[in-house]
Each structure stands twice: as C-alpha cells, then as structure tokens.
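Notes follow the structure.
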Amino acid sequence: MAPALKGGPFRPPWLTGFLCALAFVLHGLPPSVASALALERTPIWQGQLWRLWSGHWLHFSLSHLLWDLLVVVLAAGWLEQLSRKLLVAVVCLAPVLISVALLLFCPDMTRYGGLSGLGISLLTALAITKLLRSAGLPWLVLLLALALKIAVEALDGGSLLGVFPNGTIRNMPEAHAAGFLAGAMLAVLWRTRSKTDS
Amino acid sequence: MPFPMASIEKIDSRPSSPLLYYTSPMKAKTALDLLTVFLAVVFTGCVGMYGRNRNSRSSSIADYLYPKQERLLVNPQMPVLELPLRVGLAFAPVENPWGNEISSLQKEQLLERVAATFRAQNFVKSIEVIPAGYLRKEGSFTNLDQVRRLLGIDVVVLVSYDQMQFTDDNLLSLTYWTIVGAYLFTGNKNDTQTLIEAAVYDIPSRSLLFRAPGSNQIKSTSTAIGTSERRREDAAKSLALAMDDVTKNLDLNLAQFKERIKQGSANVQIKHQPGYTGGGALDAGYVLLLLGCGGLAWLWRRR
Numbered sequence: 502m503a504p505a506l507k508g509g510p511f512r513p514p515w516l517t518g519f520l521c522a523l524a525f526v527l528h529g530l531p532p533s534v535a536s537a538l539a540l541e542r543t544p545i546w547q548g549q550l551w552r553l554w555s556g557h558w559l560h561f562s563l564s565h566l567l568w569d570l571l572v573v574v575l576a577a578g579w580l581e582q583l584s585r586k587l588l589v590a591v592v593c594l595a596p597v598l599i600s601v602a603l604l605l606f607c608p609d610m611t612r613y614g615g616l617s618g619l620g621i622s623l624l625t626a627l628a629i630t631k632l633l634r635s636a637g638l639p640w641l642v643l644l645l646a647l648a649l650k651i652a653v654e655a656l657d658g659g660s661l662l663g664v665f666p667n668g669t670i671r672n673m674p675e676a677h678a679a680g681f682l683a684g685a686m687l688a689v690l691w692r693t694r695s696k697t698d699s
Numbered sequence: 002m003p004f005p006m007a008s009i010e011k012i013d014s015r016p017s018s019p020l021l022y023y024t025s026p027m028k029a030k031t032a033l034d035l036l037t038v039f040l041a042v043v044f045t046g047c048v049g050m051y052g053r054n055r056n057s058r059s060s061s062i063a064d065y066l067y068p069k070q071e072r073l074l075v076n077p078q079m080p081v082l083e084l085p086l087r088v089g090l091a092f093a094p095v096e097n098p099w100g101n102e103i104s105s106l107q108k109e110q111l112l113e114r115v116a117a118t119f120r121a122q123n124f125v126k127s128i129e130v131i132p133a134g135y136l137r138k139e140g141s142f143t144n145l146d147q148v149r150r151l152l153g154i155d156v157v158v159l160v161s162y163d164q165m166q167f168t169d170d171n172l173l174s175l176t177y178w179t180i181v182g183a184y185l186f187t188g189n190k191n192d193t194q195t196l197i198e199a200a201v202y203d204i205p206s207r208s209l210l211f212r213a214p215g216s217n218q219i220k221s222t223s224t225a226i227g228t229s230e231r232r233r234e235d236a237a238k239s240l241a242l243a244m245d246d247v248t249k250n251l252d253l254n255l256a257q258f259k260e261r262i263k264q265g266s267a268n269v270q271i272k273h274q275p276g277y278t279g280g281g282a283l284d285a286g287y288v289l290l291l292l293g294c295g296g297l298a299w300l301w302r303r304r
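As given, the protein sequences belong to chains A and B, one line each in that order. Per my numbering, the first sequence starts with residue 502, numbered consecutively. Per my numbering, the second sequence starts with residue 2, numbered consecutively.
Following this line, the structure appears as structure tokens:
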C-alpha cells in the first residue's frame, strides 16, 4: 500500500500526543530504571540493542526535555498531518541511525541522552516531504537554514560551554548532523517507495 | 704690692669643682627643671615613636613564573581546554626573609572564596587548593608541570598579593606623654592597603586565560599599646575584603571569557575529555526556524 503523502482534513495528532506523553513518563522514571534504557556504549556492545532507540528519550534536566520536546511536538504534529506512517518510520528508525552514527564517529562518548537528534530528523523529513510535494521555496529555506545552524553549532566551541548544568555533559552537534541526514534519507526513501508503489 | 684681702676671699669662695659650682640653690633648681624636661621629652618621645612604622608584604606571580630575566619570553601556545576542567588554586610562593607572610590557614580560607566561584561553573569538574609545599619559589612552569602531574589539574589559578600598612600619630598621641594615655587614647592612625590579583593559567600551553584584580583600603585608629594587634586585624580584614573583590571580578571576567569563546575571539580550543556524556539539546533557534518557515509557507500559498 502506498504511503499517504497528500494532505487532507485535520487529523487528531494522537501519535504526537503519545510521543509527548512517553517522553514525560520516561523522564520521570527512577534512575535505576532509566539506567537500563540509557544509550551507553558498553551495554550496547553486550547486546542490549534497545538502548539504541530508548536512550534518546532520556534527558538530563527538565529544561533539556522541554526544549527538545517543543521542537519534536511541533514537527511531529505537522508531519502527522501529512503522513502518519512516515512519522512512525522516522520515530522508529531515526534514533537508531543517529545512535549508530554517534557510536561510530564519537568514540570518546560513553553515554548519550536527548531527543534533539530525532527533532532534527522530523524537521528535515517534514521539509523534504513538503519540498517534494512542490510546496515551494519556504521549505527549501528551512532545509538550508537547518544545515547552516547545525554547521554553526559544530564549529562553535562556545556552545560546548554552559548548555548543560553538569559540566561532564557535552552538547552534541554530531547528533544533529546525523539526525539531519537520517531524516533526509528516510523522507527521500519514503517518497521513492511511494512512487514505486503507485 | 700685697693683694687686697677682699679679692682673695672672693677667689677662695669659688667652689673647687664645676659641680660644686652649681650647687647654689637657684642654679640647682634650673638644672632640675632642665633634667625633667629632658627626661619627659625622651620618654614621651619613645612612647610617641612606639608603633610608628610602615610595613609591607607581597608575593609576585611574575617572580614565580618568570624568575630569570632570560626566561621572560615563554612562547605560549594555543590553549586546548579539555572539559570538564580540573582546576588548582594557590598563592604564588614567596620567601620572605622577615617572616611576614600570610599564614597557611589564612591563605586556605582566602582561596576557598575563589574556589566557590569556580565550583559554580558547569565546566569545572573539580577544584582543589594546592598545598603550599608543592610550590617552590621561582619554580616557574617546570614546577607547575610537576604539580599538574601530581594533582591531575589542567588549569591553575595563581593568586598574588601586595599589602602595605602605615601608622602615623594624630593629636591624641600627645596624651602618650602621660604614659597612661598610651593605653587609653587612640593616638595612632593606621592605613592598610591591599591589592590582590588572580591569574588563570592553562599549564600545558603556558597561556594566561584571564585575570581578575581586587583591592581594598582600611583606615583605623588604635592606642599605642594596641597598634600591633590592630594592624594584624586590619591586615586580615583587608585581605579578606580584597579577596571578595577578586571573586566578584573573577565572576565577571569568567563570564566575559565564556562570551569571548562563544564569539571565537578567546583564542582557545574547547575539547571534551574521553569518556564524556553527550547530550542532544535544541534551543529556541530551531523553534523559530520552524515557526518562521510555517509563516513563510502560509504566505507563499496565499500569493
């Protein structure tokens, strides 16, 4: 069955609501439970592969969660109006792809937390989907602006200071870059599959 | 011609020694008065002079880091700050031949004030006071390298100080002539001036990251007998207040340093130590991007 890419009447964004609730529930978990879900290098090598996905839903502070979730909710809610299945695909696959990229390209990182990578994936998937549907220049602007902001973050050493209350936590522009690529890849694949099926 | 008798008697009436010459009642009284005045001047002068002096003590970062003239030109490299930082704190060592140094306890208390400023920073992993025994006089960066290896620190905050004390007399010091006045009246004016500077160095690159000065001046009065104690109290108080000033400026300069790093004008590289935890964080910029794009798309569709 071809993925639905055409916009239609307003759909209640229950999937977005579920994702939002899930983020709050996981943030409220006691540390002993949360540690079993965290994206940590060693347990993943030992076979605890669920951490590749679940680790993104853990945050280091409430403000960290709220900022990440704000972008995720806006982008996911919009994408859900276009295609709920694409949203499901991005939510399921993008965190795993981002995790793999982080484990490969950031060898000194031992733990990771935060939905920002998924947020960027959703934004990118939304922009590309809109762009491929000939929605025009604004989405191209969004894509370029996203790429530019991620590049600036990667080059800006200052963002590494003071983002998190705990000094041992490093802001990871690499996760945003990986999220951008994952979102773009999934949106293009989805479009290709859609054309093939039709 | 025989001598006249009267003349002979006059000559004989003179005393045989100069001392005896002054034993006439009138002249003895004058001598006593002079002696009294002399003793009064001598003793009250001593009391008046008691405690009047100037005193100074100092330590110098330049003397510690660049002790030899030919080593003044240390070529600093680009600092690479590996976060989170491990910071060491110490007074620049000084060898004072008069034993007029700040006590170790006092130094520790003062450094704790600076440590509190750094503990509040999220990029500082640990901060510790370097024991005085670890630093040699004129030890330079070689000594700091040793301390770095021993204590595992990356950045050192060196504190130097310069304190001068002056004591002069005021009008009340006239009462010291009475001796008792030296215990009762505050005839001494004390002036204590302190200048402290904290300089933050990246040890591997020998680079000064930033510095923060602090100063204080205290004026007080004291009795002649209490001057020494008062000067000690003033010295300690002035050091503490100057250190408070340093911590305020340190806060300010630290914020400016972080801002310079963000603007790329601080000439440092930021890295994280292996084994760090990564965090994915989005800011308002992303929200604005999305909302801006949504608005633009709406306008685009309506055109």
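Even glycine gets a Cβ: it sits at the ideal position worked out from N, Cα and C.
| query | result |
| --- | --- |
| Could you tell me if Ser584/A is buried or exposed, where buried requires 16 or more neighbouring beta carbons within 10 angstroms of its beta carbon? | buried |
| Which residue wins for smallest C-alpha separation from Leu112/B, given the options Val95/B, Gln122/B, Asn123/B and Ala133/B? | Ala133/B |
| Taking its Cβ as the centre, do 16 or more other Cβ atoms sit within 10 Å of His568/A, making it buried, or is it exposed? | Residue identity check: residue 568/A is Trp in the sequence provided, not His. Flag for Trp568/A reads buried. |
| With a Cβ-Cβ cutoff of 8 Å, do Val247/B and Val125/B count as a contact? | no |
| In the DSSP output, what is Ser223/B paired with across the bridge? | Asn189/B |
| Check whether chain A comes within 8 Å of Gly308/B, counting only Cβ atoms and requiring the distance to be less than that. | In this structure chain B extends from 2 to 304, so residue 308/B is not present and cannot be described. |
| I'd like to know whether the C-beta of Lys696/A is nearer than 8 Å to at least one C-beta of chain B. | no |
| Taking Thr278/B as part of the beta strand (DSSP E), name the residues at either end of that continuous run. | Tyr277 to Gly280 |
| Where in the region 147-223 of chain B do unbroken runs of the beta strand (DSSP E), each at least 3 residues long, occur, reported from the N-terminal end onward? | 156-170, 189-203 and 208-223 |
| Could you check whether Ile131/B and Ala91/B sit closer than 8 Å to each other, using their CB atoms as the reference points? | yes |
| According to DSSP, Ala91/B sits in a beta bridge with which residue or residues? | Leu159/B |
| Output yes if chain A places a C-beta closer than 8 Å to the C-beta of Thr278/B; else output no. | yes |
| Run through the region 553-626 of chain A for me and flag every whole beta strand (DSSP E) of 3 or more residues, listed as ranges in chain order. | 610-614 |
| If you run the structure through DSSP and keep just helix, strand and coil, what is Gln110/B? | helix |
| Given that His565/A touches chain C, what residues does it touch there, using C-beta distances under 8 Å? | Included in the structure are the protein chains A and B, with no chain C among them. |
| Which first and last residues belong to the alpha helix (DSSP H) in which Glu654/A is found? | Leu638 to Leu656 |
| Pull up the distance between the alpha-carbon of Tyr51/B and that of Leu185/B, whole angstroms please. | With a pLDDT of 48 at Tyr51/B, under the threshold of 50, the modelled position of that residue is not reliable, and no figure is offered here. |
| Cα-Cα, which of Gly637/A, Ala648/A, Ser695/A and Trp515/A is closest to Ala679/A? | Ala648/A |
| If we ignore side chains and look at the alpha-carbon of each, how far apart do Val534/A and Gly620/A end up? | 24 Å |
| For the region 214-239 of chain B, which residues have a CB atom closer than 9 Å to at least one CB atom of chain A, in sequence order? | none |
| Chain B partners of Pro535/A, CB-CB under 9 Å? | For the sequence presented, residue 535/A should be read as Ala rather than Pro. Chain B residues near Ala535/A: none, gap ~13 Å exceeds 9 Å. |
| Quick check on the burial criterion: 16 or more other C-beta atoms within 10 angstroms. Buried or exposed for Leu255/B? | buried |
| Applying the 10 Å Cβ sphere with the 16-neighbour rule, what's the burial state of Ile197/B? | buried |
| How about Gly89/B: is its C-beta nearer than 8 Å to some C-beta of chain A? | no |
| So, using beta-carbon positions, are Ala213/B and His565/A closer together than 8 Å? | no |
| Along the chain, where does the beta strand (DSSP E) containing Ser266/B start, and where does it finish? | No beta strand (DSSP E) holds Ser266/B; DSSP gives it neither H nor E. |
| Measuring only the C-alpha atoms, how far is Ala676/A from Ala576/A? | 17 Å |
| Between Pro596/A and the rest of its own chain, which residues show a CB-CB distance below 6 Å, the 5 nearest in sequence each way excluded? | Trp554, His557 and Leu619 |
| Keeping to the same chain, check which residues put their C-beta closer than 7 Å to that of Ser216/B; ignore five residues upstream and five downstream. | Thr195, Leu196, Ala243 and Asp246 |
| Taking DSSP as the reference, what is the three-state secondary structure of Arg304/B? | coil |
| Quick one: residues in its chain with C-beta nearer than 7 Å to the C-beta of Gly286/B, no 5 flanking neighbours on either side, listed in chain order? | none |
| Assign Asn672/A to one of three DSSP states: helix, strand, or coil. | strand |
| Does the distance from the CB of Thr193/B to the CB of Ala241/B come in under 8 Å? | no |
| May I ask which residues mark the beginning and end of the beta strand (DSSP E) holding Ile131/B? | Element bounds for Ile131/B: n/a, residue is neither H nor E. |
| Measuring only between beta-carbons, confirm whether Leu297/B sits less than 8 Å from chain A. | yes |
| Taking Cβ positions only, does Cys521/A come closer than 8 Å to chain B? | no |
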